[in-house]
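Visitor: Structure below; questions to follow.
Residue numbers (this note's numbering), protein chains in the order written: chain A, 1 to 580; chain B, 1001 to 1292; chain C, 2001 to 2322.
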């Protein structure tokens, strides 16, 4: 009895604590335009030096501004810089800044902030943006609103860099050693939104910046709500608990197609899903050496009915993959009719036959002339149900041409270990790409082996071209080089690109309108611009924050009544017992 | 002498079985288990199911029909076939894991009870330790380390669930140890292992069986939970793996009840069956409760 | 209860804690997976950044150095820095512990109350229809995998009937006009997770109580009491139930391990922002410091619960005095 009473008291205490916590919840103006967006991956940190998540990237686009932004057609457009010019030798950039920008704490923005930001990011080498600033040798401020950036070589991606400009007066006080841990818990920025509240594991709330220099958003309150799984998030969208959902699964998109007031789109995204083969030339590598024969890899690609996989596993949402740079940009290379490896079981078999792989013992699996079976370990990530299903289909298709893929479902940690110790044959994963092709091209370079490279591909010619394209200022010249690079990869096949991922998103159009897909068939969010955040308008009158469950007093009281009933029951029980 | 003993043992067994059958719970348990065992052993032979055979795009997540009595999954595969072949895996894992756990638990329990002063105490500490560690996180960690092949899962479950059996067997051993005939055996000069094997073991055995049966129920539920969390062996899908995919493919929100209800119900039935059996054993074996 | 027994039990608990500490440390380090690479797997992350963070977390030091540092810090209450959140582990845990405590606490109360009630009713009316029904309900809920029950409940009550929200602890980002509204909102979200956990526990408690009470009822002194002419009710309340409660106490304490398993599943299915889900996420991301912290905390709670149960048991039951 004593223990139970103790338990009971503890529980009462906890409930009281919660109650007192809630006393501090302030009453706010109910007539606010709020937008709640469901996400499945939360922000890992509010500091651009620590965050490596896509949610962080998106949030920084809202809290801060870069020098040069991106418009709805994915062209460079003025942001903090109003105009810019390039010297004749293509090494010196001059940016003119706006003179009317204020930080969210009231301080004015000056060129000092730009210099400070770029210098600090380059020096520390931390965060998602340090790669963008490679090649910059100096940043100077001839006056308060002019920035002069000098580069070592012509820098083709200078205008594509989305590095957020940070306030010097805040960050100067952070010691460099602390940059890796200083959380920037109350970010001060110049962006269209200000920081509101961050509840780890639940949501990130931003509020509109009343003093924004540009188009002020109609959204007063922007909340990114974290969901543990897409199923639950889709339900929440249907029930009106959120106004938009991102990163959904194909099945859920299908469900939503019939719903009124919901626009569900399958937007062309920036990323792809690929099969990665261990292409390491190192004799110490533990990968199956047979995979170094590109004919096997090509045969696997011929045997893959990518369309069927797309239809079955991804609900048709996505585009069949070919080369490394996704097609929604200027740099994608379309293989010619001869180069193209479309679904063709006959060709797969022919290629394997002519390369000397025959099934000599009749067990359905081909061997090479030394009797080694074409049997490989196929690692799939347990975390991604679609990759899992796609992998199962690929294995079943490869079987048809005599290649045996042994599936193992492992978690990311185990897979990463295997990648780094080169102890794998093949796996499925994906990459998110960028407007600047350098980002994804770099993954295949030799010096990323041991870091970002997950296939151990090494080609000196490729490495060289990587450097060359970085300094081609002429878009067309650059394109040519980038195309050559993609041709190389396509020919050597360290990756088979399964598909270019679509962004599956949905929005409620009865609350907000004026949505725009970016680029033309793209998504509303996570599309490298903050266009929609700035331009959506409320549908009809100002919408209140009364979203969510039917707040009928009847229904919401029921939950409370149950809670009270439970406590009353417990109390009664003890009272009842004590009497006797 | 041996013939008499054999006769007695046979009679005791027959007695036991008849008591089991007359006990309503026991009967229900046995019937259900036999049914599932038959399905598990013979089902996949008569009703073939190939995990690698992917269906057609037009046929994914379809509700029950004549062609597919329990509908199809997200890759167009027949759910009834999946369920039947899953029964084999689930039952096998449950059984084998339980055997491992029972072996370890019984041996350690008897040894620690018999050698109460020295090794016994150390074993007790280890047992306590295993009882205290939260099992699910521990298993998740072990499964991550060892990999998720079916054998590893069996081992992981086996080596983390013996503690309960060990504790129970130990206390039983402690009381049996005090009995008269044990003292006599020691006086005669019988070796320790002989005593443990011939005298203590038969006396703790009924308790072990009752405990083991309940453990089997837990083993099956454990495998289901691990598989649901993504740590199962997908090349040998069990009911738990089915549920994992059902959840991942959004069956819940599209209302594909034919996908997530059947495996759940099967699990409930099997676990119930083991539990019934366990209670029945308890009833028969435990004299105090004869009045029930 | 003598001091010696108390001391012995406490020392045992401390010893077990220490063993757990060491085990805890090495267990997670043996996990495959390079945590930092996982967290920073982004084509924009540079090699320098990853290297720097490795040094920050001391991952470049020899294993015994890391071990020594870990223990030294632990003694001063520093549980280390979380890889994922780059914040002190204790902060992260503190921010997620209340949701779990609330859910588990309420579920426990409901389960204990209803479970005991069911068990008593079933035992007292042994053999009748009531017994069969109560027993059946208990057995069925006891046999269900926790997550499955959660899925079924969401499916019925949220998706089909729209009675309750599907997930989370509160309507996200909403500002509340009064604390009463806030509580209403949380209560609505609490309902399904709590019911799920309660149902799972009720089965076990009911069956245990029933068995324990039946044991007691067949004892000799029960017959004696009846012979003496005491009423059924009196016997039940004064003698039977109090004595039958003893095993219940043990079960409730030991159950902590089961509850943790249930909590992880429920928090996953319902997106409940608590410790269970945090543990699962940190495991997926190989966030050792956070993992160790949670695991340690949880295990210590179990040890303490067991200790209290042990002591309470021996205090209440004069027969148990080893």
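Note that CB positions come from ideal geometry on N, CA and C, so glycine has one too.
All values derive from a computational prediction rather than experimental measurement.
(1) Does the region 373-388 of chain A come into contact with the region 423-443 of chain A, if we say contact requires no fewer than three beta-carbon pairs (one atom in each stretch) closer than 8 Å?
(2) Between which two residues does the beta strand (DSSP E) carrying residue 150 of chain A extend?
(3) Is it right to say residue 1071 of chain B is buried, meaning 16 or more other beta carbons lie within 10 angstroms of its own, or is it exposed?
(4) Whole angstroms are fine: how far does the CA of residue 2146 of chain C sit from the CA of residue 1062 of chain B?
(5) So with CB distances below 7 Å, who are the chain A contacts of residue 1945 of chain C?
(6) Pair every Cβ in the region 204-224 of chain A with every Cβ in the region 93-104 of chain A, then say whether three or more of these pairs are closer than 8 Å.
(7) What would DSSP say about residue 455 of chain A, mapped onto helix, strand or coil?
(8) Please compile the residues from chain C whose C-beta is within a distance smaller than 9 Å of the C-beta of residue 1116 of chain B.
(9) Let me know the secondary structure DSSP gives residue 303 of chain A once reduced to three states.
(10) When DSSP builds the beta bridges, which residues end up paired with residue 410 of chain A?
(11) Following the continuous beta strand (DSSP E) through residue 84 of chain A, name the residue where it begins and the one where it ends.
(12) Using the C-alpha atoms, what's the distance from residue 286 of chain A back to residue 247 of chain A?
(13) Taking the alpha carbon of residue 146 of chain A as the reference point, which residue from A:117, A:152, A:83 has its own alpha carbon closest?
(14) At a CB distance below 7 Å, what residues from the region 2142-2160 of chain C approach chain A? Give them in sequence order.
(15) Interface residues of chain B around residue 2022 of chain C at Cβ under 9 Å?
(16) List the endpoints of the continuous beta strand (DSSP E) containing residue 429 of chain A.
(17) Tell me residue 2148 of chain C's beta-bridge partners as DSSP assigns them.
(18) Can you give me, in chain order, the residues of the region 1238-1258 of chain B that have a beta carbon less than 8 Å from any beta carbon in chain A?
(19) Is residue 1154 of chain B helix, strand or coil by DSSP?
(20) May I ask you to verify whether the region 220-231 of chain A touches the region 1217-1227 of chain B, counting CB pairs closer than 8 Å and requiring at least 3?
(21) If you reduce the DSSP assignment to three classes, tell me which class residue 2262 of chain C lands in.
(22) Can you check whether the C-beta of residue 1012 of chain B is within less than 8 Å of a C-beta belonging to chain C?
(23) Using DSSP with H/G/I as helix, E/B as strand and the rest coil, what is residue 58 of chain A?
(24) If we ignore side chains and look at the alpha-carbon of each, how far apart do residue 458 of chain A and residue 281 of chain A end up?
(25) For residue 1074 of chain B, return the contacting residues in chain A, with the cut-off set at a CB-CB distance below 9 Å.
(26) Taking its Cβ as the centre, do 16 or more other Cβ atoms sit within 10 Å of residue 2072 of chain C, making it buried, or is it exposed?
(27) Return helix, strand or coil for residue 1275 of chain B, following the three-state DSSP convention.
(28) Can you name the start and end residues of the alpha helix (DSSP H) that residue 581 of chain A belongs to?
(29) With a 10 Å radius around its C-beta and 16 neighbouring C-beta atoms as the bar for buried, classify residue 1042 of chain B as buried or exposed.
(30) Which chain B residues are close to residue 393 of chain A, counting only those with a beta carbon under 8 Å from its beta carbon?
(31) Going by the DSSP bridge assignment, what does residue 275 of chain A pair with across the sheet?
(32) Buried or exposed: residue 2010 of chain C, going by 16 or more other Cβ atoms within 10 Å of its Cβ?
(33) Beta-carbon within less than 6 Å of residue 168 of chain A's beta-carbon, same chain only, minus the 5 sequence neighbours each way: which residues are those?
(34) Given a cut-off of 8 Å on the beta-carbon distance, is the pair residue 264 of chain A and residue 256 of chain A in contact?
(35) Can you tell me which residues form a DSSP beta bridge with residue 38 of chain A?
(36) Go ahead and pull the three-state DSSP assignment for residue 202 of chain A.
Guide: From the atom records:
(1) yes
(2) In the first chain, counting from the first residue as 1, residue 150 of chain A sits at position 150. Counting along the chain, the beta strand (DSSP E) containing residue 150 of chain A begins and ends at 146-151.
(3) In the second chain, the residue the question calls residue 1071 of chain B occupies position 71. Classification of residue 1071 of chain B: buried, given that the 10 Å Cβ count is 16 or more.
(4) For this step, residue 1062 of chain B is matched to residue 62 along the second chain. For this step, residue 2146 of chain C is matched to residue 146 along the third chain. Going by the C-alpha atoms only, they are around 26 Å apart.
(5) Absent from the structure is residue 1945 of chain C, since the part of chain C shown begins at 2001 and ends at 2322.
(6) yes
(7) Start at 1 with the first residue of the first chain, and residue 455 of chain A comes out as number 455. Correct three-state label for residue 455 of chain A: coil.
(8) Here the question's residue 1116 of chain B lines up with position 116 in the second chain. The premise fails here: residue 1116 of chain B is roughly 12 Å from chain C at the closest Cβ pair, so nothing lies under 9 Å.
(9) By 1-based counting over the first chain, the position of residue 303 of chain A is 303. Residue 303 of chain A: helix per DSSP, three-state reduction.
(10) Reading the first chain from its first residue, position 410 is the one you call residue 410 of chain A. Per DSSP, A:381.
(11) On the first chain, residue 84 of chain A is found 84 positions in, with the first residue counted as 1. Here the beta strand (DSSP E) through residue 84 of chain A covers 81-86.
(12) As a working note, residue 247 of chain A is residue 247 in the first chain. As a working note, residue 286 of chain A is residue 286 in the first chain. Each residue's alpha carbon lies about 35 Å from the other.
(13) Stepping through the first chain from its first residue, residue 146 of chain A is reached at position 146. Ranking the options by Cα distance to residue 146 of chain A, first place goes to A:83.
(14) 2158, 2159
(15) Sequence index remark: in the third chain, residue 2022 of chain C carries index 22 (1-based). Near residue 2022 of chain C there are no residues of chain B at all, since even the closest Cβ is about 11 Å away, more than 9 Å.
(16) The residue labelled residue 429 of chain A in the question sits at position 429 within the first chain. Looking at the DSSP string, the run of the beta strand (DSSP E) that includes residue 429 of chain A is 426-432.
(17) Locating residue 2148 of chain C in the third chain gives position 148, where the first residue counts as 1. Looking at the DSSP assignment, residue 2148 of chain C forms no beta bridge with any residue, so it has no partner.
(18) 1245, 1247, 1248, 1249, 1250, 1252, 1253, 1254
(19) Working through the second chain from its first residue, we reach residue 1154 of chain B at position 154. Here residue 1154 of chain B sits in helix by DSSP.
(20) no
(21) Locating residue 2262 of chain C in the third chain gives position 262, where the first residue counts as 1. Three-state result, residue 2262 of chain C: helix.
(22) By 1-based counting over the second chain, the position of residue 1012 of chain B is 12. Not an interface residue.
(23) Mapped onto the first chain, residue 58 of chain A falls at position 58. Correct three-state label for residue 58 of chain A: helix.
(24) Counted from its first residue, the first chain places residue 458 of chain A at position 458. Counted from its first residue, the first chain places residue 281 of chain A at position 281. For residue 458 of chain A and residue 281 of chain A, the distance between alpha carbons rounds to 8 Å.
(25) The count along the second chain starts at 1 and reaches residue 1074 of chain B at position 74. Neighbours of residue 1074 of chain B on chain A, chain order: 251, 312, 313, 385, 389.
(26) As a position in the third chain, residue 2072 of chain C is number 72, starting the count at 1. Residue 2072 of chain C is exposed by the Cβ-count criterion.
(27) The count along the second chain starts at 1 and reaches residue 1275 of chain B at position 275. Of the three classes helix, strand and coil, the one that applies to residue 1275 of chain B here is helix, per DSSP.
(28) The question about residue 581 of chain A has no answer here: the residues shown for chain A are numbered 1 through 580.
(29) Indexing the second chain from 1 puts residue 1042 of chain B at position 42. Exposed: under 16 other Cβ atoms inside 10 Å.
(30) Here residue 393 of chain A is taken as the residue at index 393 of the first chain, counted from 1. Simply 1054, 1075.
(31) One-based indexing of the first chain puts residue 275 of chain A at position 275. According to DSSP, residue 275 of chain A bridges with A:428, A:496.
(32) Locating residue 2010 of chain C in the third chain gives position 10, counting from the first residue. Exposed, by the Cβ-count rule.
(33) Reading the first chain from its first residue, position 168 is the one you call residue 168 of chain A. Result list for residue 168 of chain A: 112, 113, 116, in chain order.
(34) Position 264 of the first chain, counted from the first residue, corresponds to residue 264 of chain A. Position 256 of the first chain, counted from the first residue, corresponds to residue 256 of chain A. Contact: yes.
(35) Residue mapping note: residue 38 of chain A aligns to position 38 of the first chain, counting from 1. According to DSSP, which records beta bridges pairwise, residue 38 of chain A is partnered with A:225, A:245.
(36) Residue numbering aside, residue 202 of chain A sits at position 202 when the first chain is read from its first letter. If DSSP states are grouped into helix, strand and coil, residue 202 of chain A belongs with coil.
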